[in-house]
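>
Numbering (the numbering used here), first residue to last: 14 to 248.
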């Protein structure tokens with residue numbers, strides 16, 4: 014690929030949260046197939062709705078690939094208590110990675126204290142399990158000033174990552190937004206680029222801009238196959 018090194022592709026592959034089965038129609042077999050692909054290439058995680066978490070845990074057993082579920086997905090409007098229950102159930106069932114949608118409506122209304130409390134209470138549930146915790150901010154509904162504000166809020170919350178989009182709402186991951194977030198939060202907070210990442214070139218470009226994790230779907234596997242990209246051990 015033009016101006017992209019094998020080393021950059023390798024770093025991207027290892028940073029992929031594979032979201033092929035994160036659809037409203039995905040079957041258990043599709044979730045299992047996503048796990049097999051992730052093990053084959055050594056992706057970072059597989060994400061699916063909690064109804065398929067058992068399949069993820071089963072297929073990824075003995076593998077470094079994480080079983081990831083979304084919390085309060087995709088709108089973020091559940092009460093904090095419901096979010097905590099959803100997180101607790103998922104963690105007890107074996108989830109090893111978690112993305113939570115912040116209370117988007119509260120943020121847009123300027124109630125930042127409520128948003129922060131919501132994040133922190135769900136993180137309190139998750140912390141004993143020592144898993145990566147990401148906050149989805151749905152950047153497509155935010156103004157430029159709000160993007161800076163939300164990045165600071167997530168940083169101050171103690172979360173491990175800020176994630177750009179659910180993929181179910183408006184907007185997409187852009188180099189501009191990744192760069193703006195990185196400039197705002199500095200080097201320590203992880204950034205997950207999610208939404209509209211359509212190619213290996215897109216993923217590498219977003220990582221160059223400061224993303225540390227990238228969400229991608231089946232076309233990634235098709236492109237890796239086209240490159241003859243070597244599989245890692247799948248057992």
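Positions of the beta carbon are idealized from the N, C-alpha and C atoms, including for glycine.
(1) On the three-pair Cβ rule with 8 Å, is the region 18-36 touching the region 217-235?
(2) Residue 225 to residue 186, Cα distance in whole Å?
(3) State the Cα-Cα distance for the pair residue 194 and residue 164, rounded to the nearest angstrom.
(4) By a C-beta neighbour count over all protein chains shown, 10 Å radius and 16 as the cutoff for buried, is residue 141 buried or exposed?
(5) Using a Cβ-Cβ cutoff of less than 7 Å, which residues in the same chain neighbour residue 248 once the five nearest sequence positions on both sides are dropped?
(6) With a Cβ-Cβ cutoff of 9 Å, do residue 10 and residue 146 count as a contact?
(7) To the nearest angstrom, how far is the alpha carbon of residue 190 from that of residue 160?
(8) Under three-state DSSP, which class holds residue 147?
(9) Would you mind stating whether residue 139 and residue 100 have Cβ atoms separated by less than 9 Å?
(10) How far does the beta strand (DSSP E) with residue 124 in it reach, from first residue to last?
(11) Are there 16 or more other CB atoms within 10 angstroms of the CB of residue 95, so buried, or fewer, so exposed?
(12) Rank 137, 188, 80, 156 by C-alpha distance to the C-alpha of residue 117 and give the top, closest one.
(13) Which partner residues of residue 81 appear in the DSSP bridge assignment?
(14) Compute the distance between the beta-carbons of residue 83 and residue 152, then report whether it is under 9 Å.
(15) Which class does residue 232 belong to by DSSP, given the choice of helix, strand or coil?
(16) In chain order, what residues of the same chain lie with their CB nearer than 7 Å to the CB of residue 97, ignoring the 5 residues before and after it?
The short version:
(1) Contact between the region 18-36 and the region 217-235 is present, because at least three Cβ pairs lie under 8 Å.
(2) One C-alpha to the other measures close to 13 Å.
(3) Computed Cα separation, rounded: 6 Å.
(4) The residue in question, residue 141, is exposed, as its Cβ has fewer than 16 Cβ neighbours within 10 Å.
(5) With a pLDDT of 42 at residue 248, under the threshold of 50, the modelled position of that residue is not reliable, and the figure given next carries that caveat. If we look at residue 248 and ignore the five residues flanking it on each side, it has no Cβ neighbours.
(6) Because the chain spans 14 through 248 in this model, residue 10 falls outside it and cannot be assessed.
(7) CA-to-CA, the gap between residue 190 and residue 160 works out to about 8 Å.
(8) In this structure, residue 147 counts as strand in the three-state DSSP scheme.
(9) Contact: yes.
(10) Neither: residue 124 is in no beta strand (DSSP E) and is coded neither H nor E.
(11) With fewer than 16 other CB atoms across the displayed protein chains lying within 10 angstroms of its CB, residue 95 is exposed.
(12) In this structure, 156 is the residue among 137, 188, 80, 156 with its C-alpha nearest to the C-alpha of residue 117.
(13) Under DSSP, residue 81 takes part in a beta bridge, and its partners are 60, 110.
(14) Taking the C-beta atoms as reference points, residue 152 is found no nearer than 9 Å to residue 83.
(15) Secondary structure at residue 232: helix, using DSSP grouped into helix, strand and coil.
(16) Setting aside the 5 residues that flank it on each side, residue 97 is surrounded in the same chain by 134, 135, 138, each with a C-beta closer than 7 Å to its C-beta; the list follows chain order.
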